[in-house]
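Step one of this worksheet: look at the structure below.
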Amino acid sequence: MNPVLDEKRILRKEILMRRRNLDCDVIAAESAGIAKALLNWSVYCQANMIMAYAAMADEPQTTLILQHALSVKKKLCIPVVGEKKGTMEAAFIEKLADLVPGKYGILAPDKGKIKIAQPDMIDLILVPGVAFNVKGQRLGMGAGFYDRFLEQTKDHALLVGLALQCQIIAAVPCEDHDYLVDYLATKDGIINCKTGKM
C-alpha cells in the first residue's frame, strides 16, 4: 500500500465534491478574474505557443482565454488522448469550432483533422488540476496524463495552474514523478510558486 496514493485519493474526492457543489455564478466570476489576470500578464503576452485545455463545467472556464489566444494569433494547442495507452499529445486548433466532445466527454480537437504540436515548441502550458498549493504542488485526476506529457516539456515550457479559490489548499501530497507548476492563475492575480506570492 502506498500512503501517498491513499492521501491523494481521499483529498481528490473531497476537493472534487467541493468543486462540484460550487454555484455556476461563482465559477463564472472566478474564471473571469483568472482570465483577466492571465491575459494581462507579460509572460502570457510574450508566449508564442500556448497549450491550454477545454474546461469541464466545474473547472475554471477557459473559453475567454482560448478566444483571446486565437484572436491575437498565438499558436494554440489543446490536449488529445494519444494513440499509446495513458498518453496525451497537444493538437493545434485554429478556431473553437475545431473542438468536439472527446474521450471522457471533454472537448478536444477532432481526431480526424488534427495536427500534432512538437512539445518542445510550447512556451506556456495552462494546467488543470483538482487542487494546488502556492508552492506549485498539484493534485491531478489520478491518471498521470499531464505528468507523462510534461516530461517532454520540462526544459522549456512554463507551467501555470488555473485555480478556483476552493482548489488552493495548504498541503498537496506529492510523489517524485509529480510535476510542480511555476505559477498559479487565480481570480486575484498570478502567484509565483517560487516565492508563494503575487
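Everything in the sequence shown is counted per the numbering used here, starting at 69 for the first residue and increasing by one. Backbone N, C-alpha and C fix where the C-beta goes; we use that ideal spot for every residue, glycine too. Nothing here was measured: the structure is a model prediction, and the numbers come from that model.
Take Ile182 and list the residues in its own chain whose beta-carbon comes closer than 7 Å to its own, dropping the five residues that flank it on each side. Contacts found: Val148 and Ala159.
Out of Ile237, Leu134 and Glu98, point me to the one whose CA is closest to Ala176's CA. Distance from the Cα of Ala176 is smallest, within the candidate group Ile237, Leu134 and Glu98, for Leu134.
Those residues which DSSP pairs with Leu192 across a bridge: When DSSP reads this structure, Leu192 sits in a beta bridge with Ile118 and Leu226.
Which value, in whole angstroms, describes the spacing of the CA atoms of Val249 and Pro196? Roughly 10 Å between the two C-alpha positions.
Hey, out of Gly264, Thr263 and Ile259, whose CA is closest to Val111's CA? The shortest C-alpha to C-alpha distance from Val111 to any of Gly264, Thr263 and Ile259 is the one to Ile259.
Between which two residues does the alpha helix (DSSP H) harbouring Pro71 extend? Counting along the chain, Pro71 sits inside the alpha helix (DSSP H) bounded by residues Pro71 to Arg88.
Look at Pro187 and Leu79 and say whether their C-beta atoms are less than 8 Å apart. Going by C-beta atoms, Pro187 is not nearer than 8 Å to Leu79.
Nearest to Leu107 by alpha carbon, out of Val140, Ala125 and Glu82? Of the candidates Val140, Ala125 and Glu82, the one whose C-alpha sits nearest the C-alpha of Leu107 is Val140.
Do Ala211 and Gln235 count as a contact pair if the criterion is CB distance below 8 Å? At least 8 Å separates the beta-carbon of Gln235 from that of Ala211.
Can you list the beta strand (DSSP E) stretches of 3 or more residues lying completely in the region 106–183, in chain order? Taking 3 residues as the shortest admissible run, the region 106–183 contains the following complete beta strand (DSSP E) segments, listed from N- to C-terminal end: 117–119, 143–149, 156–161, 167–169 and 175–177.
If we ignore side chains and look at the alpha-carbon of each, how far apart do Gln114 and Ala137 end up? Between the alpha carbons of Gln114 and Ala137 lies a distance of about 11 Å.
Helix, strand or coil: which one does DSSP assign to Leu248? Here Leu248 sits in coil by DSSP.
Who are the near neighbours of Leu267 in its chain, counting only those whose CB is closer than 6 Å to its CB and skipping five residues on each side? Since the first residue of the chain shown is 69 and the last is 266, residue 267 is not available in this structure.
Chain-order list of residues whose beta-carbon lies under 7 Å from that of Met209 (same chain, five-residue window excluded): Contacts found: Val198.
Out of Asp126, Gly150 and Lys153, which one is the CA nearest neighbour of Leu230? Measuring from the Cα of Leu230, the nearest candidate turns out to be Asp126.
Going by beta carbon distance, what residues of the same chain come within less than 8 Å of Met266, once the five residues before and after it are set aside? If the five residues before and after Met266 are omitted, its C-beta is found closer than 8 Å to the C-beta atoms of Asp256, Gly257, Ile258, Ile259 and Asn260, all from its own chain and listed in chain order.
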